[in-house]
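The sequence shown begins at 695 in our numbering and counts up one residue at a time.
One structure is given here, and the rest of the page talks about it.
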Amino acid sequence: MNFNPLALENQICFSLYVCSKEIIRRYTPLLEPLGLTYTSYITLLSLWEEDNVTVKDLGKKLYLDSGTLTPLLKKMESQGLIERTRSQQDERTVYITLTQAGHALREKCLNIPQQMACHNLLEPKDAGDLLKNLHAIMSRLE
695 MNFNPLALEN QICFSLYVCS KEIIRRYTPL LEPLGLTYTS YITLLSLWEE DNVTVKDLGK
755 KLYLDSGTLT PLLKKMESQG LIERTRSQQD ERTVYITLTQ AGHALREKCL NIPQQMACHN
815 LLEPKDAGDL LKNLHAIMSR LE
(Lines of atoms letter the chains of each structure in order from A and count residues from 1; the text may use other names and numbers.)
(Lines give C-alpha, C1' and ligand atoms only; values in the text may rest on other atoms or scores of the structure.)
Protein backbone atom coordinates (compact mmCIF):
# COMPACT_ATOMS: atom_id res chain seq x y z
CA MET A 1 0.00 0.00 0.00
CA ASN A 2 1.35 3.43 -0.94
CA PHE A 3 1.61 6.22 1.58
CA ASN A 4 -0.72 9.08 0.66
CA PRO A 5 0.77 12.33 2.00
CA LEU A 6 -2.57 14.11 1.51
CA ALA A 7 -4.74 11.59 3.35
CA LEU A 8 -6.37 13.21 6.36
CA GLU A 9 -5.43 10.27 8.58
CA ASN A 10 -1.75 10.91 7.76
CA GLN A 11 -1.80 14.53 8.95
CA ILE A 12 -0.17 14.94 12.36
CA CYS A 13 -1.73 18.38 12.75
CA PHE A 14 -5.22 16.98 12.21
CA SER A 15 -4.70 14.32 14.88
CA LEU A 16 -3.40 16.96 17.31
CA TYR A 17 -6.37 19.20 16.47
CA VAL A 18 -8.93 16.44 17.13
CA CYS A 19 -7.25 15.37 20.38
CA SER A 20 -7.04 18.95 21.62
CA LYS A 21 -10.66 19.68 20.76
CA GLU A 22 -11.95 16.52 22.41
CA ILE A 23 -9.83 16.85 25.54
CA ILE A 24 -10.96 20.46 25.99
CA ARG A 25 -14.56 19.24 25.57
CA ARG A 26 -13.98 16.88 28.52
CA TYR A 27 -12.75 19.79 30.64
CA THR A 28 -15.94 21.78 30.04
CA PRO A 29 -18.21 20.06 32.60
CA LEU A 30 -15.48 20.48 35.24
CA LEU A 31 -14.83 24.14 34.47
CA GLU A 32 -18.31 25.51 33.72
CA PRO A 33 -19.54 25.25 37.34
CA LEU A 34 -16.55 27.42 38.31
CA GLY A 35 -17.37 29.99 35.63
CA LEU A 36 -14.26 29.09 33.64
CA THR A 37 -13.44 28.24 30.07
CA TYR A 38 -10.42 26.12 29.20
CA THR A 39 -8.52 29.27 28.17
CA SER A 40 -9.31 31.06 31.43
CA TYR A 41 -8.31 27.88 33.31
CA ILE A 42 -4.86 27.71 31.69
CA THR A 43 -4.47 31.44 32.32
CA LEU A 44 -5.12 30.83 36.01
CA LEU A 45 -2.70 27.88 36.02
CA SER A 46 -0.02 30.21 34.70
CA LEU A 47 -0.84 32.97 37.20
CA TRP A 48 -0.85 30.51 40.11
CA GLU A 49 2.72 29.65 39.11
CA GLU A 50 3.80 33.27 38.65
CA ASP A 51 1.59 36.20 39.61
CA ASN A 52 2.01 39.88 38.69
CA VAL A 53 3.19 39.33 35.12
CA THR A 54 2.88 41.53 32.06
CA VAL A 55 0.23 40.82 29.46
CA LYS A 56 3.04 40.34 26.95
CA ASP A 57 4.80 37.70 29.09
CA LEU A 58 1.53 35.93 29.86
CA GLY A 59 0.62 35.80 26.17
CA LYS A 60 4.04 34.39 25.34
CA LYS A 61 3.78 31.70 28.01
CA LEU A 62 0.26 30.69 26.92
CA TYR A 63 0.93 31.02 23.17
CA LEU A 64 -1.98 33.47 22.89
CA ASP A 65 -2.01 36.61 20.78
CA SER A 66 -3.31 39.90 22.12
CA GLY A 67 -6.53 39.57 20.10
CA THR A 68 -7.39 36.47 22.13
CA LEU A 69 -5.80 37.44 25.42
CA THR A 70 -7.20 40.97 25.84
CA PRO A 71 -10.92 39.99 25.76
CA LEU A 72 -10.16 36.99 27.98
CA LEU A 73 -8.45 39.18 30.58
CA LYS A 74 -11.29 41.72 30.46
CA LYS A 75 -13.77 38.93 31.18
CA MET A 76 -11.64 37.52 34.00
CA GLU A 77 -11.35 41.01 35.46
CA SER A 78 -15.15 41.45 35.33
CA GLN A 79 -15.44 38.10 37.15
CA GLY A 80 -13.20 39.48 39.88
CA LEU A 81 -10.42 36.94 39.28
CA ILE A 82 -7.65 39.31 38.17
CA GLU A 83 -6.70 42.97 38.18
CA ARG A 84 -5.03 44.76 35.28
CA THR A 85 -2.68 47.58 36.27
CA ARG A 86 -0.73 49.89 33.96
CA SER A 87 2.96 50.34 34.72
CA GLN A 88 3.82 53.76 36.10
CA GLN A 89 7.14 53.67 34.22
CA ASP A 90 5.67 52.66 30.84
CA GLU A 91 1.96 53.12 30.23
CA ARG A 92 2.05 50.57 27.40
CA THR A 93 2.90 47.80 29.87
CA VAL A 94 0.01 46.20 31.73
CA TYR A 95 0.50 43.86 34.70
CA ILE A 96 -1.90 41.05 35.56
CA THR A 97 -2.37 40.19 39.23
CA LEU A 98 -4.64 37.62 40.82
CA THR A 99 -7.29 38.90 43.20
CA GLN A 100 -8.19 37.12 46.41
CA ALA A 101 -10.99 35.36 44.50
CA GLY A 102 -8.49 34.31 41.82
CA HIS A 103 -6.20 32.83 44.46
CA ALA A 104 -9.14 31.12 46.22
CA LEU A 105 -10.26 29.43 43.00
CA ARG A 106 -7.02 27.42 43.01
CA GLU A 107 -8.36 25.27 45.85
CA LYS A 108 -11.49 24.45 43.84
CA CYS A 109 -9.38 23.45 40.82
CA LEU A 110 -7.00 21.12 42.65
CA ASN A 111 -8.94 17.98 41.72
CA ILE A 112 -9.38 18.80 38.02
CA PRO A 113 -6.12 17.14 36.84
CA GLN A 114 -7.04 13.96 38.73
CA GLN A 115 -10.58 14.01 37.33
CA MET A 116 -9.16 14.35 33.82
CA ALA A 117 -6.75 11.46 34.46
CA CYS A 118 -9.79 9.31 35.27
CA HIS A 119 -10.72 9.44 31.59
CA ASN A 120 -7.87 6.91 31.11
CA LEU A 121 -6.85 8.37 27.78
CA LEU A 122 -3.26 7.16 28.18
CA GLU A 123 -1.22 5.04 30.53
CA PRO A 124 0.96 7.22 32.82
CA LYS A 125 4.20 6.29 31.02
CA ASP A 126 2.64 6.97 27.61
CA ALA A 127 1.29 10.30 28.88
CA GLY A 128 4.77 11.25 30.09
CA ASP A 129 6.32 10.28 26.74
CA LEU A 130 3.68 12.25 24.84
CA LEU A 131 4.21 15.32 27.02
CA LYS A 132 7.97 15.11 26.46
CA ASN A 133 7.46 14.90 22.68
CA LEU A 134 4.96 17.77 22.66
CA HIS A 135 7.37 19.97 24.65
CA ALA A 136 10.09 19.15 22.11
CA ILE A 137 7.79 20.24 19.27
CA MET A 138 6.79 23.42 21.14
CA SER A 139 10.44 24.38 21.68
CA ARG A 140 11.10 23.99 17.95
CA LEU A 141 8.15 26.24 17.12
CA GLU A 142 9.52 29.16 19.16
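A virtual CB, placed ideally from N, CA and C, is assigned to each residue, including glycine.
Burial state of residue i (16 or more Cβ within 10 Å)
i	result
residue 734	buried
residue 737	buried
residue 774	exposed
residue 825	exposed
Reference residue i; option with closest CA among the options
i	options	result
residue 791	709, 776, 724	776
residue 828	695, 698, 782, 709	709
residue 839	834, 809, 823	In the structure as shown, the chain starts at 695 and stops at 836, and residue 839 therefore has no counterpart that could be examined.
residue 835	755, 779, 698, 760	755
residue 814	715, 695, 757, 720	720
Chain B within 8 Å of residue i, Cβ atoms only
i	result
residue 752	Looking for chain B here will not work: only one protein chain is present.
Delimiting residues of the alpha helix (DSSP H) encompassing residue i
i	result
residue 701	Here residue 701 belongs to no alpha helix (DSSP H), and DSSP marks it neither H nor E.
residue 828	818-835
Original post:
Whole alpha helix (DSSP H) runs in the segment 725-808 with 4 or more residues, listed along the chain?
Top reply: Fully enclosed alpha helix (DSSP H) runs of no fewer than 4 residues occupy 732-743, 749-756, 760-772, 794-803 of the segment 725-808, in order along the chain.
Original post:
Between the segment 777-797 and the segment 734-747, are three or more C-beta pairs nearer than 8 Å?
Top reply: The segment 777-797, when compared against the segment 734-747, does touch it at the 8 Å Cβ threshold.
Original post:
Does the segment 717-732 come close enough to the segment 790-809 to have 3 or more Cβ pairs within less than 8 Å?
Top reply: The segment 790-809 and the segment 717-732 touch, with three or more beta-carbon pairs separated by less than 8 Å.
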